[in-house]
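Here's the structure, in structure tokens; my notes come after.
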Amino acid sequence: MIKKVLGGLLGLGVLIGFSLFVYLYANNKLSVWYNKGYQPVQPLPFSHKQHAGDYKIDCKYCHTSVAVSRHSSVPSLNICMNCHQVVATGSKFIQTLQDHYFNDKPVLWEKVHLLPDFVKFNHAAHVRAGKQCQTCHGPVEKMEEVYQYSDLSMGWCVNCHRRPPDSYLDECVVGEKNQIAATNRCQSDQPQQAPINCATCHY
Ligand code: HEC
Ligand code: HEC
Ligand code: HEC
Ligand code: HEC
Ligand code: HEC
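For the sequence shown, our numbering gives the first residue as 449, with consecutive numbering after it.
Now the structure itself:
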């Protein structure tokens, strides 16, 4: 008798646990399993808010390869030195920066975003398709320190790839339109269709 009751309770517990898991999973509440919000401490207090927000330096001035290659580069020190040979040279951080530059020591920025090796991602394809950096990276121009804004889960990628072609058009109105006009599909009548077969994103 006692055994049966205990067995029943155990079964119920497992059932409730499982339902809760399914509920949380379906509602995307399990993204704590991903690195959403990840914000490593950087070796120098470089502020996107100051540079990209206050001074409105274009993302692509520093992330030069983002529109042409699979990866978006993190700027090398000569880009910083375009300004910091003369700007804020009294600051101890800028003196550290100059020390790195003149002694050929790279600044070892901590990587914020990192997809697993078995996933293919291509920045250029998305930027050419008119996607804003902020759609995926959030309001970077307001961040003192960059953090991972989206969960970068497979569901996140596929949900956007599945969206009907028309729904992309609203994102085409703002932003970087002019700089990528030549190849920007926002400006043509071609509906966008993002592939969803497994081999698009997996090796
Ligand atoms: C287009 C010009 C420009 C470029 C390029 C640039 N900066 Fe700056 N940076 C500024 C300005 C302007 C300030 C604000 C200076 C001030 O408030 O006195 C600043 C401030 C800073 C500060 C804060 C200094 C302090 O102590 O307040 C750091 C650190 C810094 N920059 C690092 C970098 C790094 C690293 C790079 C390259 C990845 C870079 N900057 C590229 C213009 C630039
Ligand atoms: C003045 C140069 C400069 C500008 C302008 C700039 N960035 Fe950055 N960005 C950096 C540097 C340096 C790092 C590496 C340090 C860090 O993570 O803060 C970086 C890192 C990042 C990262 C994290 C990369 C990783 O490790 O995963 C993202 C995302 C990013 N930038 C997006 C943007 C976006 C979007 C804009 C425009 C709104 C922008 N950046 C403008 C210099 C710049
Ligand atoms: C469709 C979503 C999407 C858009 C749009 C996008 N990114 Fe990214 N970005 C990602 C993903 C996903 C990663 C992680 C890639 C990896 O780990 O291989 C990433 C990584 C980065 C990195 C780290 C270096 C790298 O390539 O791994 C930088 C810097 C960056 N993005 C900057 C930008 C800038 C600047 C823009 C706008 C010009 C932009 N991104 C637009 C999704 C996007
Ligand atoms: C905000 C919407 C959006 C998100 C988020 C997004 N994509 Fe895409 N992706 C697109 C669109 C639109 C295209 C079609 C581009 C074109 O027209 O060639 C595309 C195309 C691609 C391609 C094909 C590139 C090529 O060479 O033709 C790959 C690979 C890809 N995405 C991988 C990913 C991965 C992996 C993620 C998640 C880490 C992701 N995407 C997240 C919108 C998105
Ligand atoms: C638009 C891009 C995209 C497409 C299409 C896609 N995946 Fe993924 N997949 C990802 C990303 C990003 C990850 C890593 C993040 C994660 O685990 O959610 C991933 C992870 C996985 C994993 C590992 C899961 C884990 O938890 O470790 C498997 C297995 C997988 N995908 C299978 C598939 C299969 C099968 C298909 C075709 C039906 C497919 N994927 C289509 C982007 C994609």
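Where a beta carbon is used, it is the ideal one built from N, C-alpha and C, also for glycine.
Quick test of your reading: residue i and residue j, contact by CB under 8 Å. State the CB separation rounded to the nearest angstrom.
i, j, result
"valine 555", "leucine 492", "6 Å"
"lysine 590", "lysine 497", "6 Å"
"isoleucine 644", "arginine 611", "No, isoleucine 644 and arginine 611 are not in contact; Cβ-Cβ is about 11 Å, not under 8 Å."
"valine 514", "valine 575", "6 Å"
"histidine 532", "serine 521", "Going by Cβ atoms, the distance from histidine 532 to serine 521 rounds to 18 Å, so no, they are not a contact pair."
"tyrosine 486", "valine 560", "6 Å"
"valine 489", "glutamate 558", "7 Å"
"cysteine 581", "cysteine 528", "Cysteine 581 to cysteine 528, Cβ: 19 Å. No contact."
"phenylalanine 569", "leucine 563", "6 Å"
Please classify residue i as buried or exposed, where buried requires at least 16 neighbouring CB atoms within 10 angstroms.
i, result
"leucine 457", "exposed"
"glutamate 592", "exposed"
"tyrosine 509", "exposed"
"alanine 500", "buried"
"valine 622", "Interpretation of valine 622 is limited by its pLDDT of 45, a score under 50 that renders its predicted location unreliable; the figure taken from the coordinates is listed afterwards. Valine 622 should be labelled exposed."
"glycine 578", "buried"
"tyrosine 597", "buried"
"valine 453", "exposed"
"valine 519", "The residue you asked about is not valine; residue 519 is histidine in the sequence shown. It is exposed - the Cβ of histidine 519 has fewer than 16 other Cβ atoms within 10 Å."
"asparagine 600", "Note on residue identity: the sequence assigns leucine, not asparagine, to residue 600. So leucine 600 ends up on the buried side."
"histidine 650", "exposed"
"isoleucine 464", "exposed"
"leucine 545", "buried"
"cysteine 646", "exposed"
"glutamine 627", "Since pLDDT at glutamine 627 reaches only 41, below the 50 mark, its modelled position is unreliable, and the value read off the structure follows with that caveat. Exposed is the call here."
Which residue comes first and which comes last in the alpha helix (DSSP H) that contains residue i?
i, result
"valine 575", "571 to 576"
"methionine 529", "525 to 532"
"histidine 548", "540 to 550"
"threonine 537", "First-last for threonine 537: undefined, no H or E at that position."
"arginine 610", "602 to 610"
"histidine 585", "581 to 585"
"alanine 647", "646 to 649"
"tyrosine 509", "507 to 510"
Nearer than 6 Å: is that true of the beta carbon of residue i relative to any heavy atom of ligand 6?
i, result
"phenylalanine 569", "Ligands present in the displayed structure are limited to ligand 1, ligand 2, ligand 3, ligand 4 and ligand 5, and ligand 6 is not among them."
Could you tell me whether any Cβ in chain B is nearer than 7 Å to the Cβ of residue i?
i, result
"cysteine 646", "Checking the listed chains, one finds no chain B in this structure; it contains a single protein chain."
Let me have the residue list for ligand 1: C-beta closer than 6 Å to any non-hydrogen atom, ordered along the chain. Leu492, Pro493, Phe494, Gln498, His499, Tyr503, Ile505, Cys510, Pro523, Ile527, Cys528, Asn530, Cys531, His532, Val535, Ala536, Ser539, Phe541, Ile542 and Leu545
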